[in-house]
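A.B. asks: Have a look at the structure that comes next, please.
There are 2 protein chains.
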Amino acid sequence: MTATMNRLWRLAARPVGLIRESDFTWCQEPLPAPVEGQVLIRNIYLSLDPGNRGWLREGKSYMPPVAVGEVMRGITIGRVEQSLHPDFKMGDLVQGILGWQEYALSDGTGLTLLTEDPSLPITAYFGVLGFIGLTAYFGLLFVGKPQAGETLVVSAGAGAVGSLVGQIGKIKGCRVVGIAGSDEKCRWLTEELGFEGAINYKKDSLPSSLEKNCPQGVDIYFDNVGGEILDALLAIINVNARIVVCGTLAQANATEPVPGPYNFRAILTQRAKLQGFIFTDFLEHTMEAMNDLKNWLDQGNLRYRVDVVSGLEQAPKAINKLFDGSNKGKLIIKISDL
Amino acid sequence: MTATMNRLWRLAARPVGLIRESDFTWCQEPLPAPVEGQVLIRNIYLSLDPGNRGWLREGKSYMPPVAVGEVMRGITIGRVEQSLHPDFKMGDLVQGILGWQEYALSDGTGLTLLTEDPSLPITAYFGVLGFIGLTAYFGLLFVGKPQAGETLVVSAGAGAVGSLVGQIGKIKGCRVVGIAGSDEKCRWLTEELGFEGAINYKKDSLPSSLEKNCPQGVDIYFDNVGGEILDALLAIINVNARIVVCGTLAQANATEPVPGPYNFRAILTQRAKLQGFIFTDFLEHTMEAMNDLKNWLDQGNLRYRVDVVSGLEQAPKAINKLFDGSNKGKLIIKISDL
Numbered sequence: 001m002t003a004t005m006n007r008l009w010r011l012a013a014r015p016v017g018l019i020r021e022s023d024f025t026w027c028q029e030p031l032p033a034p035v036e037g038q039v040l041i042r043n044i045y046l047s048l049d050p051g052n053r054g055w056l057r058e059g060k061s062y063m064p065p066v067a068v069g070e071v072m073r074g075i076t077i078g079r080v081e082q083s084l085h086p087d088f089k090m091g092d093l094v095q096g097i098l099g100w101q102e103y104a105l106s107d108g109t110g111l112t113l114l115t116e117d118p119s120l121p122i123t124a125y126f127g128v129l130g131f132i133g134l135t136a137y138f139g140l141l142f143v144g145k146p147q148a149g150e151t152l153v154v155s156a157g158a159g160a161v162g163s164l165v166g167q168i169g170k171i172k173g174c175r176v177v178g179i180a181g182s183d184e185k186c187r188w189l190t191e192e193l194g195f196e197g198a199i200n201y202k203k204d205s206l207p208s209s210l211e212k213n214c215p216q217g218v219d220i221y222f223d224n225v226g227g228e229i230l231d232a233l234l235a236i237i238n239v240n241a242r243i244v245v246c247g248t249l250a251q252a253n254a255t256e257p258v259p260g261p262y263n264f265r266a267i268l269t270q271r272a273k274l275q276g277f278i279f280t281d282f283l284e285h286t287m288e289a290m291n292d293l294k295n296w297l298d299q300g301n302l303r304y305r306v307d308v309v310s311g312l313e314q315a316p317k318a319i320n321k322l323f324d325g326s327n328k329g330k331l332i333i334k335i336s337d338l
Numbered sequence: 001m002t003a004t005m006n007r008l009w010r011l012a013a014r015p016v017g018l019i020r021e022s023d024f025t026w027c028q029e030p031l032p033a034p035v036e037g038q039v040l041i042r043n044i045y046l047s048l049d050p051g052n053r054g055w056l057r058e059g060k061s062y063m064p065p066v067a068v069g070e071v072m073r074g075i076t077i078g079r080v081e082q083s084l085h086p087d088f089k090m091g092d093l094v095q096g097i098l099g100w101q102e103y104a105l106s107d108g109t110g111l112t113l114l115t116e117d118p119s120l121p122i123t124a125y126f127g128v129l130g131f132i133g134l135t136a137y138f139g140l141l142f143v144g145k146p147q148a149g150e151t152l153v154v155s156a157g158a159g160a161v162g163s164l165v166g167q168i169g170k171i172k173g174c175r176v177v178g179i180a181g182s183d184e185k186c187r188w189l190t191e192e193l194g195f196e197g198a199i200n201y202k203k204d205s206l207p208s209s210l211e212k213n214c215p216q217g218v219d220i221y222f223d224n225v226g227g228e229i230l231d232a233l234l235a236i237i238n239v240n241a242r243i244v245v246c247g248t249l250a251q252a253n254a255t256e257p258v259p260g261p262y263n264f265r266a267i268l269t270q271r272a273k274l275q276g277f278i279f280t281d282f283l284e285h286t287m288e289a290m291n292d293l294k295n296w297l298d299q300g301n302l303r304y305r306v307d308v309v310s311g312l313e314q315a316p317k318a319i320n321k322l323f324d325g326s327n328k329g330k331l332i333i334k335i336s337d338l
């Protein structure tokens, strides 16, 4: 390793609305040196996820917000370059919340050792074999509790989580309908992933296309977006419907208070259950989840796409692809070579 | 029985906003005669409940709406006057959905035989020993799942359901805070029912009084109202909070679409569960519920108030007491003598 400098993005100001590059400062700082019990990691890939926007927002959440001046929080995969930690050695591939930076120090907290599987690209650890896969698996199976023959609708259906949710739903025997933002994404869902239906919410009328695609109503709605789409779903849920609240993309960049669903009363009249979750709520089931996901992947039942943008300096711009819907699959920044 | 005429309220037009007397027609009609398999019942008490307003609304719900021209739907307690049904005899006391009328025919469907207990007023069957008690019991215990030491907040806390919910919460070891619409009701909750706190939502600032009364946050919110109060609760729920959706009083008479909670995102960040229910969802547990409720009542752990208005002709006016908060306890119309 010959680098002596670290390049990184620090939060300059809380974004208002969509993230702008000027909300961050691109810094060059001396490379930190690990002390006893620490490792120095060179980041290779950075995961960009809708939830990152929430980390920039003040208020009670599952994690404190990123403070102004701090390195932007982000999940990365990296290579151990120096280790003064007994559990990690030079060359190990690890995943952790290591931030928008080229190099990171870690005391091992939250650091996961990854296995390099020659049959799989490393980016799979940001997808089906990582927190994305666990989010889809736990949310659908532990919160949504699908039964064969039920109708499952998933919004952001062509997204990293949504596309897995739909495919797991199909494995469990559900009729699956995805909601996505382009005809190309809709075709991918029905033609490649085998969803029974796909709705382009930017073009189709939601109420009528939901009705057409869900002749038996909706038993499970896996909600990545909230907003008007949730409202349209509430209007057609069946008795005992489960609504899995995984994300609120529709209000991610809101600058004004956003009303909840107008059809809220359907939760009462249809005796629906609406439940928020984060994959870490079910971590004790990680082994069984990973086993299932790996098996389904090996059997060809789970497909995914990755959308890799090169260069850490692109991160603040690239993250908005998640919100304008221009990403095709899991959005990843490539920071350095393997 | 000497009556030859029946007096009753038929729905004349769907109410817009608050119910007006002109939304109903006061009719005098010949007394119907039972045929084989039917009973004729003289109604004694009519239960008026917030849910009645929902029965007048078009749209998907747990029951079809009352049709214009139909006798207004209502739960009553009555006395069998004539029986051509093997399961019922003259003089039996029964409860059923027998409508806003002095006399009703029934083929026995949904008709429950009541036991006349000299130690209890018959109106208890509209309260702790009826669907009100079951609603409080099932909603709190089966949906809310309280643990000792948790904080329970209940809105419409001095109402028929809410006051029982709080008392059952206390039996289960919760810290209980009620929200009600007058100082008199709040005093009743804290001084008579032993709630740890009570908030007058018409006078107190909700955010600050919730914070003061719930120093450990809120684990269970039993929601009878929705609207702004739900929003204020979402702002302070703990991780894994349960929100029991029992009613939407705040929007009962709305004429415009009502937005859902602005703090909807808290469902995600706090991994909360929000679940609608109707007591009939748990009917298989009625025996155990009734046993517990009767025991708690006998032990003096459950108190209730009834607000009896005399005369069926008062029903359309009296029902609005539920929405302006002027009722004190379970609202009942007395139609005839025991």
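Quick note, the sequences are listed as chains A and B, same order.
So the first sequence is residues 1 to 338, counted in the numbering used here.
So the second sequence is residues 1 to 338, counted in the numbering used here.
Idealized CB from N, CA, C, for every residue including glycine.
Could you tell me which residues DSSP pairs with lysine 273 of chain B in its beta bridges?
C.D. replies: Within the second sequence, residue 273 of chain B is the residue found at index 273, counting from 1. Beta-bridge pairing links lysine 273 of chain B to A/Gln275, B/Arg242.
A.B. asks: Work out the CA separation of tyrosine 137 of chain A and tryptophan 296 of chain A for me, nearest whole Å.
C.D. replies: For the purposes of this step, residue 296 of chain A is identified with residue 296 of the first sequence, where counting begins at 1. For the purposes of this step, residue 137 of chain A is identified with residue 137 of the first sequence, where counting begins at 1. About 12 Å.
A.B. asks: Going by DSSP, name the residue or residues bridged to alanine 250 of chain A.
C.D. replies: On the first sequence, residue 250 of chain A is found 250 positions in, with the first residue counted as 1. Alanine 250 of chain A pairs with nothing; no bridge assigned.
A.B. asks: With DSSP collapsed to three states, give me the class of isoleucine 19 of chain A.
C.D. replies: The residue labelled residue 19 of chain A in the question sits at position 19 within the first sequence. Of the three classes helix, strand and coil, the one that applies to isoleucine 19 of chain A here is coil, per DSSP.
A.B. asks: Please confirm whether cysteine 174 of chain A and proline 146 of chain A have their CB atoms less than 8 Å apart.
C.D. replies: Taking the first sequence and counting its residues from 1, one reaches residue 174 of chain A at position 174. Taking the first sequence and counting its residues from 1, one reaches residue 146 of chain A at position 146. Yes, these two residues count as a Cβ contact at 8 Å.
A.B. asks: Classify aspartate 223 of chain B as helix, strand or coil using the three-state DSSP reduction.
C.D. replies: Walking along the second sequence from the start, residue 223 of chain B turns up at place 223. Residue state, collapsed to three classes: strand.
A.B. asks: Examine the Cβ distances between the segment 235-247 of chain A and the segment 98-109 of chain A and report whether three or more of them are shorter than 8 Å.
C.D. replies: no
A.B. asks: Might you give, ordered along the chain, the residues of its own chain that have their beta carbon closer than 7 Å to the beta carbon of glycine 276 of chain B, omitting 5 neighbours on each side?
C.D. replies: On the second sequence, position 276 is the one that residue 276 of chain B refers to. In chain order, Val245 place their CB closer than 7 Å to the CB of glycine 276 of chain B, counting only its own chain and leaving out the 5 sequence neighbours on each side.
A.B. asks: Specify the secondary structure class of tryptophan 9 of chain A as computed by DSSP and reduced to three states.
C.D. replies: Here residue 9 of chain A is taken as the residue at index 9 of the first sequence, counted from 1. Tryptophan 9 of chain A: strand per DSSP, three-state reduction.
A.B. asks: Rounded to the nearest angstrom, what separates lysine 202 of chain A and serine 182 of chain A at their Cα positions?
C.D. replies: The residue given as residue 202 of chain A occupies position 202 in the first sequence. The residue given as residue 182 of chain A occupies position 182 in the first sequence. Their Cα atoms are separated by approximately 7 Å.
A.B. asks: Do lysine 317 of chain A and glutamate 21 of chain A have their C-beta atoms closer together than 8 Å?
C.D. replies: For this step, residue 317 of chain A is matched to residue 317 along the first sequence. For this step, residue 21 of chain A is matched to residue 21 along the first sequence. Yes, these two residues count as a Cβ contact at 8 Å.
A.B. asks: Exposed or buried, what is proline 215 of chain B when buried is set at 16 or more other beta-carbons lying within 10 Å of its beta-carbon?
C.D. replies: Taking the first residue of the second sequence as 1, we reach residue 215 of chain B at position 215. Under this definition proline 215 of chain B is an exposed residue.
A.B. asks: Quick one, which of B/Gly91, B/Leu93, B/Ala158 has its alpha-carbon nearest asparagine 200 of chain B's?
C.D. replies: Here residue 200 of chain B is taken as the residue at index 200 of the second sequence, counted from 1. That would be B/Ala158, whose Cα lies nearest to the Cα of asparagine 200 of chain B.
A.B. asks: What are the boundary residues of the alpha helix (DSSP H) that includes leucine 322 of chain B?
C.D. replies: Residue 322 of chain B sits at position 322 when you count from the first residue of the second sequence. Per DSSP, leucine 322 of chain B belongs to the alpha helix (DSSP H) from 321-324.
A.B. asks: I'd like to check one pair, asparagine 253 of chain A with leucine 56 of chain A: are the Cβ atoms closer than 8 Å?
C.D. replies: On the first sequence, position 56 is the one that residue 56 of chain A refers to. On the first sequence, position 253 is the one that residue 253 of chain A refers to. No. Outside cutoff.
A.B. asks: In terms of alpha-carbon separation, which member of A/Met63, A/Ser106, A/Gly130 lies closest to tyrosine 304 of chain A?
C.D. replies: The residue given as residue 304 of chain A occupies position 304 in the first sequence. If we check each option's Cα against that of tyrosine 304 of chain A, A/Gly130 comes out closest.
A.B. asks: Residues in the segment 270-297 of chain B with C-beta within 9 Å of chain A's C-beta atoms, listed in sequence order?
C.D. replies: Along the segment 270-297 of chain B, the positions whose C-beta sits under 9 Å from a C-beta of chain A are Gln270, Arg271, Ala272, Lys273, Leu274, Gln275, Gly276, Phe277, Ile278, Asp281, read in chain order.
A.B. asks: Taking only the alpha-carbon atoms, compute the straight-line gap between tyrosine 221 of chain B and proline 32 of chain A and give it to the nearest angstrom.
C.D. replies: For the purposes of this step, residue 221 of chain B is taken as residue 221 along the second sequence, with counting starting at 1. For the purposes of this step, residue 32 of chain A is taken as residue 32 along the first sequence, with counting starting at 1. Computed Cα separation, rounded: 48 Å.
A.B. asks: Tell me which same chain residues have a C-beta within less than 7 Å of the C-beta of glycine 69 of chain A, skipping the five on either side of it?
C.D. replies: For the purposes of this step, residue 69 of chain A is taken as residue 69 along the first sequence, with counting starting at 1. For glycine 69 of chain A, where only same-chain residues beyond five positions count, the Cβ hits under 7 Å are Arg10, Leu11.
A.B. asks: Would you list, in sequence order, the uninterrupted alpha helix (DSSP H) runs of no fewer than 4 residues that lie entirely inside the segment 123-168 of chain B?
C.D. replies: List check, alpha helix (DSSP H) in window: 131-137.
A.B. asks: Relative to the alpha-carbon of alanine 232 of chain A, which residue among A/Val239, A/Asn240, A/Asp223 has its alpha-carbon at the smallest distance?
C.D. replies: Reading the first sequence from its first residue, position 232 is the one you call residue 232 of chain A. Considering only A/Val239, A/Asn240, A/Asp223, the residue with the shortest C-alpha distance to alanine 232 of chain A is A/Asp223.
A.B. asks: Helix, strand or coil, according to DSSP, for glutamate 191 of chain A in the structure here?
C.D. replies: Within the first sequence, numbered from 1, the residue matching residue 191 of chain A stands at position 191. Helix, per DSSP.
A.B. asks: Rounded to whole angstroms, what is the Cα-Cα separation between arginine 73 of chain B and valine 258 of chain A?
C.D. replies: The residue given as residue 73 of chain B occupies position 73 in the second sequence. The residue given as residue 258 of chain A occupies position 258 in the first sequence. C-alpha separation (whole angstroms): 37 Å.
A.B. asks: Grab me the residues of tyrosine 262 of chain A's own chain with a C-beta within less than 7 Å of its C-beta, minus the 5 sequence neighbours each way, in chain order.
C.D. replies: Within the first sequence, numbered from 1, the residue matching residue 262 of chain A stands at position 262. So the list reads Asp231, once near-sequence residues are dropped.
A.B. asks: I want to verify the contact list: residues of chain B whose CB lies under 7 Å from the CB of valine 258 of chain A, in sequence order.
C.D. replies: As a working note, residue 258 of chain A is residue 258 in the first sequence. Those are Tyr262, listed as they occur along chain B.
A.B. asks: What in chain B is Cβ-close to valine 245 of chain A, meaning under 7 Å?
C.D. replies: By one-based count along the first sequence, residue 245 of chain A stands at place 245. Ile267, Leu268, listed in chain order.
A.B. asks: Report all residues from its chain with a CB closer than 7 Å to the CB of leucine 134 of chain A; omit the five preceding and five following residues, and keep chain order.
C.D. replies: Here residue 134 of chain A is taken as the residue at index 134 of the first sequence, counted from 1. Counting only Cβ-Cβ distances below 7 Å, and skipping sequence neighbours, we find Phe279, Thr286, Ala289.
A.B. asks: State yes or no: is the C-beta of glycine 226 of chain A within less than 8 Å of the C-beta of phenylalanine 264 of chain B?
C.D. replies: Against the first sequence, residue 226 of chain A aligns to sequence position 226. Against the second sequence, residue 264 of chain B aligns to sequence position 264. Contact flag set, yes.
A.B. asks: Quick one: list the residues of chain B neighbouring serine 205 of chain A, beta-carbon separation under 8 Å, in chain order.
C.D. replies: In the first sequence, the residue the question calls residue 205 of chain A occupies position 205. Here the premise fails: no neighbours, minimum Cβ distance about 18 Å.
A.B. asks: What residues in its chain sit with their C-beta under 6 Å from that of lysine 328 of chain B, if we drop five residues either side in the sequence?
C.D. replies: Numbered from its first residue, the second sequence carries residue 328 of chain B at position 328. Cβ within range, chain order: Arg305, Asp307.
A.B. asks: If you check the beta carbons only, do leucine 338 of chain A and isoleucine 44 of chain A fall under 8 Å apart?
C.D. replies: The residue labelled residue 338 of chain A in the question sits at position 338 within the first sequence. The residue labelled residue 44 of chain A in the question sits at position 44 within the first sequence. In contact: leucine 338 of chain A and isoleucine 44 of chain A (Cβ atoms closer than 8 Å).
A.B. asks: If you run the structure through DSSP and keep just helix, strand and coil, what is aspartate 292 of chain B?
C.D. replies: By one-based count along the second sequence, residue 292 of chain B stands at place 292. Reduced to three states, the DSSP call for aspartate 292 of chain B is helix.
A.B. asks: Based on the DSSP output, what are the partners of leucine 40 of chain B in its beta bridges?
C.D. replies: Within the second sequence, numbered from 1, the residue matching residue 40 of chain B stands at position 40. Its beta-bridge partners are B/Gln82, B/Leu105.
A.B. asks: Taking CB distances under 8 Å as the criterion, tell me whether glycine 78 of chain A reaches chain B.
C.D. replies: Indexing the first sequence from 1 puts residue 78 of chain A at position 78. So no, glycine 78 of chain A is outside the interface.
A.B. asks: Out of A/Leu234, A/Gly54, A/Asp281, which one is the CA nearest neighbour of leucine 380 of chain A?
C.D. replies: Since the first residue shown for chain A is 1 and the last is 338, residue 380 of chain A is missing from the structure and cannot be characterised.
A.B. asks: Which class does isoleucine 236 of chain A belong to by DSSP, given the choice of helix, strand or coil?
C.D. replies: Position 236 of the first sequence, counted from the first residue, corresponds to residue 236 of chain A. Isoleucine 236 of chain A: coil per DSSP, three-state reduction.
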